[in-house]
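Enquirer:
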Amino acid sequence: MANPEDLFKQIIAHAKEYGYVFPSSEIYDGLSAVYDYAQYGVELKNNIKQYWWKAMVQMHDHIVGIDSAIFMHPTVWKASGHVDAFNDPMIDNKDSKKRYRADILIEEYIAKLEDRINKEVTKAKKRFDPFDEKMFRETNPNVLRNQQKIDEVTTRLAELMNSSDMVGLKQLIEELEIVCPVSGSRNWTDVRQFNLMFATQMGSVSEGADTVYLRPETAQGIFVNFLNVYKTGRMKVPFGIAQIGKAFRNEIVARQFIFRMREFEQMEMQFFVRPGEELTWFEYWKNERMKWHQDLGIPAEKFRFHDHDKLAHYANAATDIEFEFPFGFKELEGIHSRTDFDLAQHEKFSGKKLRYFDPETNESYVPYVVETSIGLDRMFLAVLSYAYQEETLPDGSQRVVLSLPPILAPIKVAILPLVKKDGLPEKAREIQDLLKPYMMCQYDEKDAIGRRYRRQDAIGTPYCITVDNQTLEDQTVTIRERDSMEQIRVPIDRLLQTIKF
RNA sequence: GCGAAAGUAGCUCAGUCGGUAGAGCAUUAGCUUCCCAAGCUAAGGGUCGCGGGUUCGAGUCCCGUUUUUCGCUCCA
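The working numbering numbers the first residue of the first sequence as 187 and each following residue consecutively.
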């Protein structure tokens, strides 16, 4: 078997060759880390969405869906913390090629000065007895000098960060003669700000036009609609709001095919619960979501939980469902207990009460939120890379087969006349017309039957219906199953009951 | 963003010393074929990633650039 790196390349090549994923704007040399879903890719993607939507919305009485706009009021992103959190000033050392956050380099410098003071104090402790530490700190010239420096640098850093003064940060780093911890050199690039949100202008006149952002996550569209959905949907806590939609992040490095793209699609559900019950629901959704993945028939050992040790400022529990991609276990879905952070922030910034009146407890409160958030493109890649198989058959011949879960397969059934004569094509077309309203069908009469089977294997079609001479006599056809390559003969009028996906 | 490698037909690749591009598969049309690709015939498809330079002449040498993969970095 090929090594993982080659396997991944083959999957990417297969995705392009068989019409699943194309590089964007390919005739213009492509656009970095942007991809288009092709004729089969879009079917697979839509099927994943449907499978998710059905599991989350249709199968849960207390979950409803929405589809909020990509553009949102700019204040949404101040409330959510994205405007601040996505504005890290970065600086590169030209010798070591290492990248650092400029503010952290300066903070580390401050920490060194503090170390120096502490050493001074420790030394003095040994020398004097009795030792008045407060007095020592207030009078020792070395300590005073360092403390003064700390205060000065801290103040300047705060000012520079507040005014987003990138030139000033660079100056400060040069002034303090901060060296790269790796190369030891002071050969720095300019400080640059990487805003992970894409910005654009709204309004026809640029004068006074507001900057709007392409949303970096879909969740906020749910939070700002919390009140509307709760009121108009007559929802009772606990309840959830689900959404599928595009999000955009201007990643510094976007790579690994469709795993990390600047434009991507999320399937999210925010579940609103009574405060204090969030961790119970967190466990519930962990299990539900893992079950959803495994219900597709993908083996359990391809998945694992990865609990976060370091929690984001808004979360009190968080875990990832990781999938074993060809390049290793990576995050596929996140389940976060987000507390009341988001709704509380939106209360603060909007001035509107985002509260739920609980008739059982006679209380009004800001609900806590448990989020499940899965990357649609990652799910696509997970399914595709799991399904891709190179097989050597008993007769020694090779085939490439996409063992997609039938429910997700782009084409459910191919209808093939065994030969292109004797009225078989006409009969096959009849069958196609019969099945077309119920599933994606494909008709193929070109080349030998074996080759047509292989073609369908390569795009992952689970069933091939073959029309032969016997069909004309007794109205039966054969159904050939993709993975086992086994055939059964069934009457045409029982096809719809027999083909299950 | 830095470093490394690569980019020739839809795919996999060849292309000698610098002399105006080739194979197999795939595609399309036809023939043959009653069940697991690679029988027959024919056709279509390439400004050799893009731009510049050297040269009488560049797929080939030089410079820049772009895309992809890998490593570093980043990932609320």
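Glycine is no exception: its CB is placed at the ideal position from the N, C-alpha and C atoms.
1) Taking a contact to mean a Cβ-Cβ separation below 8 Å, would you say residue 423 touches residue 553 in this structure?
2) I'd like the ranges of any beta strand (DSSP E) spanning at least 3 consecutive residues and lying wholly in the segment 451 to 497.
3) In three-state terms, what does DSSP make of residue 308?
4) Quick one: Cα of residue 599 to Cα of residue 626, how far?
5) Alpha carbon to alpha carbon, what distance is there between residue 236 and residue 630?
6) If you follow the beta strand (DSSP E) that residue 405 is in, where does it begin and where does it stop?
7) Evaluate the contact criterion for the segment 484 to 502 versus the segment 543 to 550: three or more CB pairs, one atom per stretch, below 8 Å.
8) Along the chain, where does the beta strand (DSSP E) that runs through residue 426 open and close?
9) Using the Cα positions of residue 315 and residue 309, report the straight-line distance between them to the nearest angstrom.
10) State the beta-bridge partners of residue 676 as determined by DSSP.
11) What are the complete beta strand (DSSP E) segments, minimum 3 residues, inside the segment 237 to 273?
12) Along the chain, where does the alpha helix (DSSP H) that runs through residue 531 open and close?
13) With a 10 Å radius around its C-beta and 16 neighbouring C-beta atoms as the bar for buried, classify residue 741 as buried or exposed.
14) Starting from residue 183 and walking both ways along the alpha helix (DSSP H), at which residues does that stretch end?
15) Below 8 Å on the Cβ atoms is my contact criterion, and I expect residue 440 with residue 218 to pass it. Report the Cβ-Cβ distance as a whole number of Å.
16) Can you round the beta-carbon distance between residue 681 and residue 234 to whole angstroms, since I take them to be within the 8 Å contact cut?
17) With which residues is residue 209 paired in a DSSP beta bridge?
18) Would the beta-carbon of residue 558 fall within 8 Å of that of residue 455?
19) Can you give the Cα-Cα distance for residue 650 and residue 266, rounded to whole angstroms?
20) Alpha carbon to alpha carbon, what distance is there between residue 466 and residue 188?
21) Any heavy atom of the ligand MG inside 7 Å of the beta-carbon of residue 659?
22) Suppose contacts are defined by Cβ-Cβ distances below 8 Å. Is residue 257 in contact with residue 398 by that definition?
23) In whole angstroms, what separates the C-alpha of residue 356 from that of residue 376?
24) What is the rounded straight-line gap between the Cα of residue 632 and the Cα of residue 678?
25) Please report how far the alpha carbon of residue 179 lies from the alpha carbon of residue 588, in whole angstroms.
26) Give, in chain order, every unbroken run of the beta strand (DSSP E) that is at least 3 residues long and sits entirely within the segment 499 to 571.
27) Reducing DSSP to helix, strand and coil, say where residue 593 ends up.
28) By how many angstroms is the C-alpha of residue 636 removed from the C-alpha of residue 580?
29) Anyone know if the C-beta pair for residue 537 and residue 249 falls short of 8 Å?
30) Could you tell me whether the segment 224 to 231 touches the segment 196 to 209, where touching means 3 or more Cβ pairs closer than 8 Å?
31) Under the three-state reduction of DSSP, which class applies to residue 278: helix, strand or coil?
32) Does residue 229 come out as helix, strand or coil in the three-state DSSP assignment?
33) Hey, would you say residue 654 sits closer than 8 Å to residue 604, going by beta carbons?
34) With distance defined between alpha-carbon atoms, name the residue in 321, 347 and 232 nearest to residue 293.
Expert: Based on what the coordinates show:
1) On the first sequence, position 237 is the one that residue 423 refers to. On the first sequence, position 367 is the one that residue 553 refers to. Cβ distance < 8 Å, so residue 423 and residue 553 count as in contact.
2) Those beta strand (DSSP E) runs which fall completely within the segment 451 to 497 and span 3+ residues are 489 to 493.
3) Locating residue 308 in the first sequence gives position 122, where the first residue counts as 1. Taken through DSSP and simplified to helix, strand or coil, residue 308 comes out as helix.
4) Within the first sequence, residue 599 is the residue found at index 413, counting from 1. Within the first sequence, residue 626 is the residue found at index 440, counting from 1. Residue 599 and residue 626: Cα-Cα distance of roughly 7 Å.
5) Stepping through the first sequence from its first residue, residue 630 is reached at position 444. Stepping through the first sequence from its first residue, residue 236 is reached at position 50. So the two alpha carbons sit approximately 27 Å from each other.
6) The residue given as residue 405 occupies position 219 in the first sequence. It is not in any beta strand (DSSP E) - residue 405 instead sits in the alpha helix (DSSP H) that spans 405 to 409.
7) Segments in contact, no.
8) As a working note, residue 426 is residue 240 in the first sequence. It spans 425 to 434 - the beta strand (DSSP E) in which residue 426 sits, taken as one unbroken run.
9) The residue given as residue 315 occupies position 129 in the first sequence. The residue given as residue 309 occupies position 123 in the first sequence. Taking the straight line from one Cα to the other gives about 12 Å.
10) Numbered from its first residue, the first sequence carries residue 676 at position 490. In DSSP, residue 676 forms a bridge with 663.
11) When DSSP assignments are scanned along the segment 237 to 273, the uninterrupted stretches of beta strand (DSSP E) that are 3 or more residues long and fall wholly within it turn out to be 249 to 251.
12) As a first step, residue 531 is located in the first sequence; it is residue number 345 there, counting from the start. 527 to 536 is the extent of the alpha helix (DSSP H) around residue 531.
13) Outside the shown range of the chain (187 to 687) lies residue 741, about which nothing can therefore be said.
14) Given that the chain is displayed from residue 187 to residue 687, the structure contains no residue 183 and the question cannot be resolved.
15) Here the question's residue 440 lines up with position 254 in the first sequence. Here the question's residue 218 lines up with position 32 in the first sequence. Contact between residue 440 and residue 218 holds, with the beta-carbon distance rounding to 7 Å and staying under 8 Å.
16) Here the question's residue 681 lines up with position 495 in the first sequence. Here the question's residue 234 lines up with position 48 in the first sequence. Rounded, the Cβ-Cβ distance is 26 Å, inconsistent with contact.
17) Translated into the one-based positions of the first sequence, residue 209 becomes position 23. Under DSSP, residue 209 shares a beta bridge with 221.
18) Residue 558 sits at position 372 when you count from the first residue of the first sequence. Residue 455 sits at position 269 when you count from the first residue of the first sequence. Cβ distance < 8 Å, so residue 558 and residue 455 count as in contact.
19) Start at 1 with the first residue of the first sequence, and residue 650 comes out as number 464. Start at 1 with the first residue of the first sequence, and residue 266 comes out as number 80. Taking the Cα positions, residue 650 is about 51 Å away from residue 266.
20) Here the question's residue 188 lines up with position 2 in the first sequence. Here the question's residue 466 lines up with position 280 in the first sequence. Unreliable positioning characterises residue 188 in this predicted model, as indicated by a pLDDT of 46, which lies under 50. The coordinate reading is nonetheless provided below. Cα to Cα, residue 188 sits roughly 43 Å from residue 466.
21) Of the ligands one can find in the structure shown there are none, so the ligand MG has no counterpart to examine.
22) For this step, residue 257 is matched to residue 71 along the first sequence. For this step, residue 398 is matched to residue 212 along the first sequence. The Cβ-Cβ distance between residue 257 and residue 398 falls below 8 Å.
23) The count along the first sequence starts at 1 and reaches residue 356 at position 170. The count along the first sequence starts at 1 and reaches residue 376 at position 190. About 6 Å.
24) Locating residue 632 in the first sequence gives position 446, where the first residue counts as 1. Locating residue 678 in the first sequence gives position 492, where the first residue counts as 1. When only Cα atoms are considered, residue 632 and residue 678 end up about 22 Å apart.
25) Look at the range of the chain in this structure, 187 to 687, and you will see that residue 179 is not part of it.
26) The segment 499 to 571 contains these whole beta strand (DSSP E) runs: 503 to 511, 514 to 525, 542 to 544, 549 to 551 and 554 to 561.
27) Within the first sequence, numbered from 1, the residue matching residue 593 stands at position 407. In the structure shown, residue 593 falls within a helical segment according to DSSP collapsed to helix, strand and coil.
28) Numbered from 1 along the first sequence, position 394 holds the residue referred to as residue 580. Numbered from 1 along the first sequence, position 450 holds the residue referred to as residue 636. Each residue's alpha carbon lies about 15 Å from the other.
29) For this step, residue 537 is matched to residue 351 along the first sequence. For this step, residue 249 is matched to residue 63 along the first sequence. Not closer than 8 Å, so no.
30) Verdict: yes, contact present.
31) As a first step, residue 278 must be located in the first sequence, where it is residue number 92. DSSP, reduced to helix, strand and coil, places residue 278 within a strand of the structure shown.
32) Here residue 229 refers to the residue found at position 43 when the first sequence is read from its first residue. The answer is helix: DSSP assigns residue 229 an H, G or I state.
33) Within the first sequence, numbered from 1, the residue matching residue 654 stands at position 468. Within the first sequence, numbered from 1, the residue matching residue 604 stands at position 418. If you check the CB distance, residue 654 and residue 604 come in under 8 Å.
34) Residue numbering aside, residue 293 sits at position 107 when the first sequence is read from its first letter. Minimum Cα distance to residue 293 is reached at 347.
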